[in-house]
Amino acid sequence: MEAWHGTTIIGVRKGGKVVVAGDGQVSLGQTVIKGTARKVRRLSPGGRDVVCGFAGSTADAFALLERLETKLEAAPGQLLRACVELAKDWRTDKYLQKLEAMLIVTDGTELLVVTGAGDVLAPEHDVAAIGSGGNFALAAARGMMDSDRDAEAIARRAMAIAADICVYTNGNLTVETIG
Numbered sequence: 001m002e003a004w005h006g007t008t009i010i011g012v013r014k015g016g017k018v019v020v021a022g023d024g025q026v027s028l029g030q031t032v033i034k035g036t037a038r039k040v041r042r043l044s045p046g047g048r049d050v051v052c053g054f055a056g057s058t059a060d061a062f063a064l065l066e067r068l069e070t071k072l073e074a075a076p077g078q079l080l081r082a083c084v085e086l087a088k089d090w091r092t093d094k095y096l097q098k099l100e101a102m103l104i105v106t107d108g109t110e111l112l113v114v115t116g117a118g119d120v121l122a123p124e125h126d127v128a129a130i131g132s133g134g135n136f137a138l139a140a141a142r143g144m145m146d147s148d149r150d151a152e153a154i155a156r157r158a159m160a161i162a163a164d165i166c167v168y169t170n171g172n173l174t175v176e177t178i179g
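Its first residue numbered 1, the sequence shown is counted upward by one per residue in the numbering used here.
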């Protein structure tokens, strides 16, 4: 079976706000299957907002989001701890090890990338990006961080640049802001 490709997710923290934006394209080989997928979600475990964007297999990402919500309920207000616990499970559980997805997660304070390799990474430059067009979006956003643009404007422009370069990324965005 051909590999599913697609998705660019970016998280930008600037001026007291964190924005997570994701495109809507899902591709199978050279075919666009869907152009309006929603890969950025707002979670509210324990009444506290958390925004998560995912790249990779949709079913795998949803399995991880459910587990992340459980971890957040067990450690309310402690996003970093919940993500570390998720990453530990992901790394050691035989079922979870097969999941193919990555997450960008924020509560408005923390901005984290969680991977199946057991990594929980906080970006150095207040920008994180994942997915097929992630490096294009990351480079574009980092180049704009010193400008007078706010977090949302940077995220939107970086996603537009990634969509112009990466054939697996489109301009149908879902944007969530915290802060």
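All residues carry an ideal CB built from backbone N, CA and C; glycine is no exception.
| query | Can you tell me whether DSSP reads Thr169 as helix, strand or coil? | reply | coil
Exposed or buried, which one is Thr8 when buried takes at least 16 other CB atoms within 10 Å?
buried
Reduced DSSP category for Met145 - H, G, I as helix; E, B as strand; rest coil: coil
Q. Sorted by chain position, which residues of the same chain lie with C-beta nearer than 8 Å to Ala160's C-beta, five sequence neighbours on each side aside?
A. Gly171
*Among residues of its own chain, excluding the 5 on either side of Val84, which ones have a beta-carbon nearer than 7 Å to its beta-carbon?*
Val120
So, do the region 101-117 and the region 13-23 have three or more beta carbon pairs nearer to each other than 8 Å? yes
inquiry  = Thr169 and Lys39 - do their beta-carbons sit closer together than 8 Å?
reply    = no
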